[in-house]
Amino acid sequence: MAVSREPLAEKPVLPDSRFLPFALDDLQLDRSRYERTIQAVESVFPSSQVHYEFFESLFNDDAVTKITDFVGVPAKPGNFAKRINSSPLHMPITPKDFAEVRRVLDPTYRYCAERFGEAEIKAIWKFC
Numbered sequence: 144m145a146v147s148r149e150p151l152a153e154k155p156v157l158p159d160s161r162f163l164p165f166a167l168d169d170l171q172l173d174r175s176r177y178e179r180t181i182q183a184v185e186s187v188f189p190s191s192q193v194h195y196e197f198f199e200s201l202f203n204d205d206a207v208t209k210i211t212d213f214v215g216v217p218a219k220p221g222n223f224a225k226r227i228n229s230s231p232l233h234m235p236i237t238p239k240d241f242a243e244v245r246r247v248l249d250p251t252y253r254y255c256a257e258r259f260g261e262a263e264i265k266a267i268w269k270f271c
């Protein structure tokens with residue numbers, strides 16, 4: 144299956160918005176378009192060799208167990224209370240910025256809801 148590389152719509156930049164130009168940068172969007180990544184992975188690997196977890200629900204023993212079971216290694220409990228290399232949000236996100244990014248990434252949100260289940264996606268992505 145070929146990965147779609149349609150050109151993006153014109154990127155509106157709101158006055159005084161530092162977040163929006165960053166969020167709508169092609170590199171950032173490429174990292175966020177899960178449907179494209181999934182299509183690329185599945186064009187190379189059979190489904191029996193692929194396991195998906197989302198960052199938002201990754202840091203717990205259940206997710207680690209799913210991954211270690213998938214690859215066939217023993218799970219070890221993690222220390223998920225300890226945050227390493229975390230950084231605070233430095234850019235305020237205006238409601239207009241939020242709405243625009245949400246609009247641009249709507250195809251990704253819809254794809255993931257269809258693929259992984261709407262309830263699971265809404266539980267981890269509150270903005271869907």
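According to the numbering used here, the sequence shown holds residues 144 to 271 in order. C-beta atoms are modelled at their ideal positions from N, C-alpha and C, and glycine is treated no differently. Fair warning: this is a prediction, and the values are worked out from it, not measured in the lab.
What whole-angstrom Cβ distance do residue i and residue j have, given they're in contact under 8 Å?
i, j, result
"E199", "I267", "4 Å"
"F188", "F202", "At roughly 25 Å, the Cβ-Cβ gap does not stay under 8 Å, so F188 and F202 are not in contact."
"V193", "V207", "Contact doesn't hold; Cβ gap of about 18 Å is too wide."
Going by alpha carbons, who is nearest to residue i out of the options?
i, options, result
"F259", "L167, D168, I181", "I181"
"T251", "V187, I210, C271", "C271"
"L163", "K239, N222, K269", "K239"
"P220", "H194, S229, D205", "D205"
"L172", "C255, I264, R253, V247", "V247"
"F165", "P235, I264, S186", "P235"
"F197", "S191, I210, T237, R161", "I210"
"D212", "S229, P231, K265, S191", "S191"
By a C-beta neighbour count over all protein chains shown, 10 Å radius and 16 as the cutoff for buried, is residue i buried or exposed?
i, result
"L167", "buried"
"L170", "exposed"
"I227", "exposed"
"V244", "buried"
"V216", "exposed"
"R174", "exposed"
"R176", "buried"
task: Mind listing, in chain order, the continuous alpha helix (DSSP H) runs of no fewer than 4 residues lying wholly within the segment 187-214?
output: 204-214
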